Structure formats: structure tokens, C-alpha cells
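Q: Residue numbers (our numbering): 6 to 211.
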């Protein structure tokens, strides 16, 4: 009887140990599976996190690139505006110079007229004198300087009447010239750089 009880006890003990081993293996397997699952979730999370960082970096780079392009466009616009301003300023300066030069020339022309009248009024016997020669030299110097500036006398006598250059103040009869030809110049006209500063006052044949 004692031997039989001992066998039963040993069988129960062996069964308990087997069950314990099975439970232990199951627990270990479940633990490994849980760790693997956790590891997979961590890897997926890290990959997702890395992708998010890359997207954020790409957006920052795109925004920076767009900002650079905007600044470059602004600089180009400002440079173009400055170039236009410079050209406009130079053009206005040149126009002001032309206006100022024309104004001075218009004031000098009466002086030239008076020189010519004075030289024309010198008696024939005094034209070779020192005074007449001095006046003539000053007149030539004045005309020479005007010529260097681009001031030219307008051709009149013997040319066809041209309202762009001539101002007809009277008509005359002439056997020398045909009708419509300038027969007499009453006041000399001048151009400045191909633009009329003063029209010639002329008499035109009928």
C-alpha cells in the first residue's frame, strides 16, 4: 500500500513538473513574441518618425529656395529700376544742357549781328587799319567758337524758300532769281546741331 501511494505521488509530481515546464515555455514564447511585436512597432515608429523629419526638412528647403528666388527677383527689379532711373536722369540732363545751350546761343546771336553791322559800317579806306583788323579778328574768333559748338549759319540767298529755315517778311521782284527763291537776307539765321535756333528773315522773289 505504501508503495502504491508513493507511485501516485511521484506521478502527480512529474505531471506538475511537466505542466510547469509547458507553462514556462509558453510564457517564454509569449514574452519573445511580445518583444518581437514591440520591436516591430518601435521600428515602424522610428521609420515613420524619420519620414516625418525628411518631409519637414524638404519643406524647409523648399521654403528657403522660394525665399532666395523672391530676393533675387526683388534685386533684379531694383537693378532694372535703377538702370531706368539712370537713363532717364542722363536724358533729362542732356535735355537741360540743350535748353541751356540754346538759350545762351540765342543771346549771343544779337552780339554777332552787331559785330557784322559794325564791320559793314567801316569805311573802305579804314578797313585795313588796326582797329578794323582787331574787330575782324574778334568776330572770326567768336564765329569759330560757335562753329565748334555746332552753330551753323543757314543758307539763304539764292536758295529755294523753305519755311523750316526761312521766315519770309516781304516779296520782291528780281531779274536774277526765279519765283520762290530767296533774293535778300535781312537777318541771318542759325542752326544748332541741325535744329533751328533762329530763322533767317528773308525777302522772296514773286
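Each residue gets a CB set at the ideal place from its N, CA and C atoms; glycine is no exception. Source: prediction; values computed, not measured.
Specify, as a first and last residue, the run of the beta strand (DSSP E) that residue 190 falls within.
A: Here the beta strand (DSSP E) through residue 190 covers 187 to 192.
Q: Start and end of the alpha helix (DSSP H) containing residue 157?
A: Per DSSP, residue 157 belongs to no alpha helix (DSSP H); it is in the beta strand (DSSP E), 156 to 158.
Q: Put residue 167 into one of helix, strand or coil per three-state DSSP.
A: DSSP places residue 167 in coil when its eight states are reduced to three.
Q: Hey, residue 203 and residue 195: beta-carbon distance below 7 Å or not?
A: Contact flag set, yes.
Q: For residue 155, which residues in the same chain have their Cβ closer than 7 Å to its Cβ, ignoring the five residues on either side in sequence?
A: The residues are 197 and 198.
Q: CB-CB under 7 Å to residue 184, same chain, minus the five flanking residues each way: which ones, in chain order?
A: Correct list, in chain order: 210 and 211.
Q: Let's test the definition: count the other Cβ atoms within 10 Å of the Cβ of residue 166 and tell me whether it reaches 16, buried, or not, exposed.
A: Label assigned to residue 166: buried.
Q: Would you check if the distance between the CB atom of residue 205 and the CB atom of residue 143 is smaller than 7 Å?
A: For residue 205 and residue 143, no; Cβs fall outside 7 Å.
Q: Any idea if residue 188 is buried or exposed, counting beta-carbon neighbours within 10 angstroms, 16 or more meaning buried?
A: That one is buried.
Q: Would you mind giving the Cβ-Cβ distance between residue 207 and residue 190, rounded to the nearest angstrom? I have them listed as a contact below 8 Å.
A: So it is a contact: roughly 6 Å between Cβ atoms.
Q: Near residue 27, what residues of its chain come up, given a Cβ to Cβ distance below 8 Å and the 5 sequence neighbours on each side ignored?
A: Residue confidence is low: residue 27 scores 47 on pLDDT, short of 50, so the model does not pin down where it sits. No coordinate-derived value is stated.
Q: Please work out which residues of its chain come closer than 7 Å, Cβ to Cβ, to residue 170, disregarding the five sequence neighbours upstream and downstream, and give them in chain order.
A: Taken in chain order, the residues that qualify are 159, 194, 201, 204 and 205.
Q: Does the beta-carbon distance from residue 137 to residue 127 come in below 7 Å?
A: Closer than 7 Å, so yes.
Q: Going by DSSP in three states, residue 85 sits in which element: helix, strand or coil?
A: Helix.
Q: Between which two residues does the beta strand (DSSP E) holding residue 162 run?
A: Neither: residue 162 is in no beta strand (DSSP E) and is coded neither H nor E.
Q: Report buried or exposed for residue 110, applying the criterion of at least 16 other Cβ atoms within 10 angstroms of its Cβ.
A: Answer is buried; the Cβ neighbour count reaches 16.
Q: Which residues in the same chain as residue 157 place their Cβ atom closer than 7 Å to its Cβ, once the five residues preceding and following it in sequence are excluded?
A: Closer than 7 Å at the Cβ level, and outside the excluded window around residue 157, lie 195 and 196.
Q: Taking only the alpha-carbon atoms, compute the straight-line gap between residue 117 and residue 87 and give it to the nearest angstrom.
A: Approximately 44 Å, taken between the alpha carbons.
Q: So residue 124 packs on residue 140, CB below 8 Å; how close in whole Å?
A: Confirmed, Cβ separation roughly 6 Å.
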